[in-house]
Amino acid sequence: MTTTTTPPADRVDRAAVSAKPRRVRSGSVIGSTGLYLATGIAALLFLIPFYLIVRNALMTDPEITGEEWKWFPTDIQWGNVSEPFDDPSVDFARSLWNSAVVGVLHTVGVLLFCSLAGYGLARIPYKHANKVFYMVLGTLMVPTAVTFVPSFVLVSSLGWIDTYRGLIIPGLFSGFTCFLFRQYFLGFPKELEEAARVDGLGYMGAYWRVVVPNSLNFFAAMATITFISGWNSFLWPLVIGQDPSAWTVQVALSNYTTGQTVNFHLIFMATAISILPLVFVFLFLQRWLVQGIAQTGIKG
Amino acid sequence: MSTITKDGVSSPAAAKASPAKPRRGLRGSPTFNFWLFTGPFLIGLAIFVYLPILWSLYLSFFEARFTVTPSEFIGLDNYVTMLTDEEFIRSLVTFTIFAVFIVPLTWGTSLGLALMVNRLRFMRAFFRSVFFLPTAVSYVAASLVWKMSIFSGVRFGMMNTFLSLFGIDNTAWLASPDPPWYWLVILTVRLWLQAGFYMILFIAALQNIPQELYEAASIDGAKRGWQTFWHITLPQLRATSTAVILLLLVAAYQAFDEFFNLLNKTTWGRPPLVELYYKALGDSQDYGAGSAGALILTVLICLVTLLQGKFLGFGRGEESK
Chain A
5 MTTTTTPPAD RVDRAAVSAK PRRVRSGSVI GSTGLYLATG IAALLFLIPF
55 YLIVRNALMT DPEITGEEWK WFPTDIQWGN VSEPFDDPSV DFARSLWNSA
105 VVGVLHTVGV LLFCSLAGYG LARIPYKHAN KVFYMVLGTL MVPTAVTFVP
155 SFVLVSSLGW IDTYRGLIIP GLFSGFTCFL FRQYFLGFPK ELEEAARVDG
205 LGYMGAYWRV VVPNSLNFFA AMATITFISG WNSFLWPLVI GQDPSAWTVQ
255 VALSNYTTGQ TVNFHLIFMA TAISILPLVF VFLFLQRWLV QGIAQTGIKG
Chain B
-4 MSTITKDGVS SPAAAKASPA KPRRGLRGSP TFNFWLFTGP FLIGLAIFVY
46 LPILWSLYLS FFEARFTVTP SEFIGLDNYV TMLTDEEFIR SLVTFTIFAV
96 FIVPLTWGTS LGLALMVNRL RFMRAFFRSV FFLPTAVSYV AASLVWKMSI
146 FSGVRFGMMN TFLSLFGIDN TAWLASPDPP WYWLVILTVR LWLQAGFYMI
196 LFIAALQNIP QELYEAASID GAKRGWQTFW HITLPQLRAT STAVILLLLV
246 AAYQAFDEFF NLLNKTTWGR PPLVELYYKA LGDSQDYGAG SAGALILTVL
296 ICLVTLLQGK FLGFGRGEES K
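From first to last, the protein sequence lines are chains A and B. Read in order, the letters of the first sequence are residues 5 to 304 in the working numbering. Read in order, the letters of the second sequence are residues -4 to 316 in the working numbering.
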C-alpha cells in the first residue's frame, strides 16, 4: 500500500501550488490519497479481531493475561493447535463433526426444497399460484427466531431432541430462500425452457436438464450463504442440543466460558478452528457469493 | 404468463410438437406439476412453520409448566402475565434502544464503506473482501473475542490498555449496567459482523446508478461530493436503503447470540428473545407464558414492519424533490 500512496503525495503539493480549486476535479490526488488512507484505516480496524484470535490462539495464557499488552507472541505456541481436541471437558472434535453434518445436509435440503418450490411459484401456470405465494411470503413476517418456543415444543414432542433430525429438518423450509429462488427464476430466460419443452421434456425434465445446469452460479451462491448461516447458527442448536454429544461447534464454543477456569489460548484456538472452514469457503467462493447476494433481488 | 406448451395453442411450433401430445394427461398438466414442485416444500412449511405457530397459539391459553402437553385452560392469563411482567417489558425497551442505535449505525457504516470501496481504483476487490470477511464469523465467536480480548474488563484487555495510554482508568465494560458501557460492546460487535453484508447490497445498487446522471449534473454545475451525493446518489439508493433498513430491523428483533454470550445471566441488557429463552427453557420451563410472549412479539414485529413500510413509502414524495 505504501508504494501506491507515496508518489501521489508529492504531486499533491504541486497541485496546491498551481492554486487550482482542487474540489472541482473529482479524482484529485488529495482526494484519492485521503480515500486510500481512510479505507486502509477502516480495513485495519476490521482485521484487528481476526488478528487477535490468531494472536491469542498461539500465545501462552500468562502472555495473554500479562500486565503488558503484546502484539506478537514471544514464542509461537504451535502446540496449542491440538489442545481443543485433547480437552476432556468439551468434545470439540465431535462438535465440529456435528456442525459439518448439519451444515452439509441443511444446505442440500434447503437447496432442493426451496429451489423446486421457487421454480414452481415462478414458472408453472397454476391459477392459485399467487395464493400459495402469499402463504410463503406470510412466513417472512414471522422471523424464524421468534418461533423457537413453539418449534421446540413440536420437535420435543416428536422426540427429536438431541438428534440430527431435530437439528436439520425444521430449518429446511425457509420461506426467505424460496422467495429468493422465485425471484431468480422469474428472471431466467424463458426461451431455453421452451426449447426443451418443444423437444418433448416435461416440466421436471426441463428443470433438471436445462434450468438447473444453467443456474449453477446462483445455486453456488445460495449454497454458500446457506452453509454459512447453518454453520454459524446458534439459538436452534442450543435449544435442541441438550446433550453434549449433540452440540454443534457454536454451542461448544459458547460453553467454554462457563467452565470454572478460563483457558484463554484454548478458547481462541477453538474459535480460530471454527472460523477456518468458512474463511476458506469465503476466499474460494467469494465471486459467486458477492454476485449472488447482489442479484438476490433484495436491492429491489 | 403466457400459456405456452401443452395444447400447442399458442405455439407456432405446434405442428412439430406432436411428441408433446401423448403427455397431455395428468403428468403434463400444470396443476399437477405445480404441486409436484411446491408440494414437498409446502408440506414442510405447514408442519414446521404454520403448525408450531398454531400450536403456540393453543398452548398460550393453557397452563403449561414443565410439560408441552397443556393441562389447564386459563384463558388470557398467560398474556396478562407476560404483559405485566416487568422483565418482559424491559426486554422490549432494551430492544428499542438497541434498534434505535444499531439500525442507523449499520446503515451509515455500510453505505460509507460502499461509497469508499466503489471509488477505489485499485485493490477494490481486496478491500471489499476485508470488509465482507466478518460475515463469515459467527456471533458466538465474535462475542468471545469482544468479551475476552477487546473489551475484557481487566488491565490486559485491548481497549483498557489503549485507554490507559491516555490515563483513563480500567473500565468494566460488561460487569455493570451503570454506566451502560455494555451497549458499546454489543453495538460494535454487531456492526462489525453485519456491515460488510449490507455494504455489498449498497455496492450493487451504486453500480446500477446510470453514469449519465452524474454527467448531466456536472454540466448543470453541481460539484462532485456532497451535492451529487445528496441530489443523485442518495435518492437513487432509496429502494436499497428501504430494504436494508427493513432487513436490519428484522435482524435486530432476532438478536440473541451476542446478548446471550456477552452478558450471560446478567439481568440487564436482555432483548426479548433472550428473555423468552430464559422464560420458556430456563428454570421454570413455562411454555404457556413463553408461547404467549412469542405471539406478542410476532404481532409487534408485524406491526412495526407494516408501519415502517408505510412510513418509508409515504416518504417517497418528499425525498425525491
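Just so it is clear, CB atoms sit at the ideal spot from N, CA and C, and this is done for glycine as well. A quick note: this is a predicted structure, and the numbers were derived from the prediction, not measured.
Interface residues of chain B facing residue i [CB-CB closer than 7 Å]
i: proline 154 of chain A; result: Pro47, Ile48, Trp50, Ser51, Ser286 and Ala289
i: leucine 62 of chain A; result: Simply none; closest approach about 13 Å.
i: leucine 176 of chain A; result: Gly39
i: serine 128 of chain A; result: Here residue 128 of chain A turns out to be isoleucine, not serine, going by the sequence shown. What isoleucine 128 of chain A touches in chain B: Pro25, Asn28, Phe29 and Phe32.
i: valine 33 of chain A; result: Result: empty, since nearest Cβ-Cβ is about 12 Å, beyond 7 Å.
i: glutamine 254 of chain A; result: Ser133 and Val135
CA-to-CA distance, residue j to residue i, given in whole angstroms
i: valine 157 of chain A; j: glycine 175 of chain A; result: 15 Å
i: serine 30 of chain A; j: arginine 219 of chain B; result: A caution first: serine 30 of chain A carries a pLDDT of 49, below 50, which makes its placement in the model too unreliable to give a value.
i: leucine 144 of chain A; j: glutamine 81 of chain A; result: 47 Å
i: threonine 26 of chain B; j: tyrosine 130 of chain A; result: 5 Å
i: valine 28 of chain A; j: isoleucine 84 of chain B; result: In this prediction, valine 28 of chain A has a pLDDT of 40, which is less than 50 and means its spatial position is unreliable; nothing more can be read from the coordinates.
i: isoleucine 181 of chain B; j: leucine 257 of chain B; result: 8 Å
i: isoleucine 227 of chain B; j: leucine 208 of chain B; result: 7 Å
i: leucine 292 of chain B; j: alanine 217 of chain B; result: 47 Å
i: proline 17 of chain B; j: leucine 242 of chain A; result: Annotation note: pLDDT 47 at proline 17 of chain B (below 50); position unreliable, no value reported.
i: alanine 200 of chain B; j: leucine 109 of chain A; result: 33 Å
i: isoleucine 38 of chain B; j: proline 92 of chain A; result: 42 Å
i: tryptophan 2 of chain A; j: tyrosine 188 of chain A; result: Past the boundaries of the shown model lies residue 2 of chain A; chain A is included only from 5 to 304, so the question cannot be answered.
i: leucine 276 of chain B; j: phenylalanine 117 of chain A; result: 31 Å
i: valine 132 of chain B; j: valine 184 of chain B; result: 11 Å
i: valine 58 of chain A; j: proline 77 of chain A; result: 10 Å
i: tryptophan 292 of chain A; j: phenylalanine 192 of chain A; result: 17 Å
i: glutamine 246 of chain A; j: threonine 252 of chain A; result: 11 Å
i: arginine 123 of chain B; j: leucine 282 of chain A; result: 17 Å
i: glutamate 253 of chain B; j: serine 138 of chain B; result: 6 Å
i: glycine 319 of chain A; j: threonine 156 of chain B; result: No information on residue 319 of chain A is available, as it lies outside the stretch 5 to 304 that chain A covers here.
i: aspartate 281 of chain B; j: glycine 288 of chain B; result: 11 Å
i: tyrosine 55 of chain A; j: tyrosine 177 of chain B; result: 23 Å
i: glutamine 249 of chain B; j: serine 161 of chain A; result: 25 Å
i: phenylalanine 61 of chain B; j: glutamate 197 of chain A; result: 54 Å
i: tyrosine 273 of chain B; j: alanine 276 of chain A; result: 29 Å
i: leucine 184 of chain A; j: glycine 70 of chain A; result: 50 Å
i: proline 7 of chain B; j: glycine 204 of chain A; result: In this predicted model, proline 7 of chain B has a pLDDT of only 44, less than 50, meaning its place in the structure is not dependable; the value taken from the coordinates is given anyway. Distance between the alpha carbons of proline 7 of chain B and glycine 204 of chain A: 15 Å.
i: isoleucine 34 of chain A; j: alanine 210 of chain A; result: 56 Å
i: phenylalanine 90 of chain B; j: glutamate 270 of chain B; result: 11 Å
i: aspartate 79 of chain A; j: alanine 227 of chain A; result: 40 Å
i: leucine 115 of chain A; j: asparagine 84 of chain A; result: 38 Å
Under 9 Å by beta carbon: chain B residues contacting residue i
i: valine 140 of chain A; result: Thr33, Phe36, Leu37 and Leu40
i: isoleucine 271 of chain A; result: Leu139 and Met143
i: glutamine 124 of chain A; result: Just to set this straight, residue 124 of chain A is glycine in the shown sequence, not glutamine. Within chain B, the residues near glycine 124 of chain A are Asn28, Phe29, Trp30, Leu31, Phe32, Thr33, Gly34 and Phe36.
Contacts of residue i in chain B (Cβ-Cβ under 8 Å)
i: serine 103 of chain A; result: Chain B residues near serine 103 of chain A: none, gap ~10 Å exceeds 8 Å.
i: glutamate 71 of chain A; result: Arg150 and Phe151
i: threonine 230 of chain A; result: Correct list: empty, because the minimum Cβ distance to chain B is about 13 Å.
Under 8 Å by beta carbon: chain A residues contacting residue i
i: methionine 111 of chain B; result: Leu39, Ala42, Thr43 and Ala46
Within chain A, the residues that residue i reaches when beta carbons sit closer than 7 Å
i: threonine 156 of chain B; result: Trp73
i: arginine 124 of chain B; result: A small fix is needed here, since residue 124 of chain B is serine in this sequence, not arginine. Here the neighbours are Gln290.
i: arginine 114 of chain B; result: Leu39
Amino acids of chain A, ordered along the chain, whose beta-carbon sits closer than 9 Å to that of residue i
i: valine 44 of chain B; result: Thr143, Val146, Thr148, Thr151, Ser155, Pro174, Phe177 and Gly179
- Item | Contiguous alpha helix (DSSP H) assignments of at least 4 residues, all confined to the stretch 248 to 309 of chain B | 252 to 258 and 267 to 276
- Along the chain, which unbroken stretches of the alpha helix (DSSP H) at least 4 residues long are found entirely within the stretch 131 to 170 of chain A? 133 to 145 and 152 to 161
- Item | chain A contacts made by the stretch 128 to 139 of chain B, where a contact means CB separation under 9 Å | Leu128, Pro129, Thr130, Ala131, Val132, Ser133, Tyr134, Val135, Ala136, Ala137, Ser138 and Leu139
- Assess, as a yes-or-no matter, whether the stretch 163 to 171 of chain A is touched by the stretch 223 to 236 of chain A under the definition of 3 or more beta carbon pairs within less than 8 Å. no
- Query: Between the stretch 266 to 280 of chain A and the stretch 59 to 67 of chain A, are three or more C-beta pairs nearer than 8 Å?
  - Reply: yes
- At least three beta-carbon pairs within less than 8 Å, the stretch 40 to 57 of chain B to the stretch 235 to 244 of chain B: no
- Message: Please identify, using Cβ separations under 8 Å, the residues of the stretch 265 to 286 of chain B that lie next to chain A, in order along the chain.
- Response: Leu268, Leu271, Tyr272, Ala275, Leu276, Tyr282, Gly285 and Ser286
- Contact list for the stretch 82 to 102 of chain B against chain A, Cβ threshold 9 Å: none
- Using a Cβ-Cβ cut-off of less than 8 Å, list which residues of the stretch 242 to 263 of chain B approach chain A; keep chain order. Leu242, Val245, Tyr248, Gln249, Phe251, Asp252, Phe255, Asn256 and Asn259
- What are the complete alpha helix (DSSP H) segments, minimum 4 residues, inside the stretch 197 to 272 of chain A? 207 to 210, 220 to 236, 239 to 244 and 253 to 260
- Message: Counting beta carbon pairs with one atom in the stretch 167 to 175 of chain B and one in the stretch 143 to 150 of chain B, are three or more of them shorter than 8 Å?
- Response: yes
- If you scan the stretch 32 to 59 of chain B from start to end, which runs of the alpha helix (DSSP H) of 4 or more residues do you find wholly inside it? 46 to 54
- Within the chosen definition, does the stretch 217 to 224 of chain A reach the stretch 92 to 107 of chain A through at least 3 CB pairs nearer than 8 Å? no
- Cβ pair count under 8 Å reaching 3, the stretch 259 to 273 of chain B against the stretch 185 to 193 of chain B: no
- Item | Positions along the stretch 53 to 73 of chain B whose CB lies within less than 7 Å of some CB in chain A | Leu54 and Val63
- Query: Going along the chain, which residues of the stretch 206 to 235 of chain A sit with their C-beta nearer than 9 Å to a C-beta in chain B?
  - Reply: Gly206, Tyr207, Met208, Tyr211, Ile232 and Trp235
- For the stretch 22 to 99 of chain A, list the alpha helix (DSSP H) runs that are entirely contained and at least 4 residues long, ordered along the chain. 33 to 61, 65 to 68 and 87 to 90
- Query: In chain order, which alpha helix (DSSP H) runs of at least 4 residues are fully inside the stretch 112 to 142 of chain B?
  - Reply: 119 to 127 and 134 to 140
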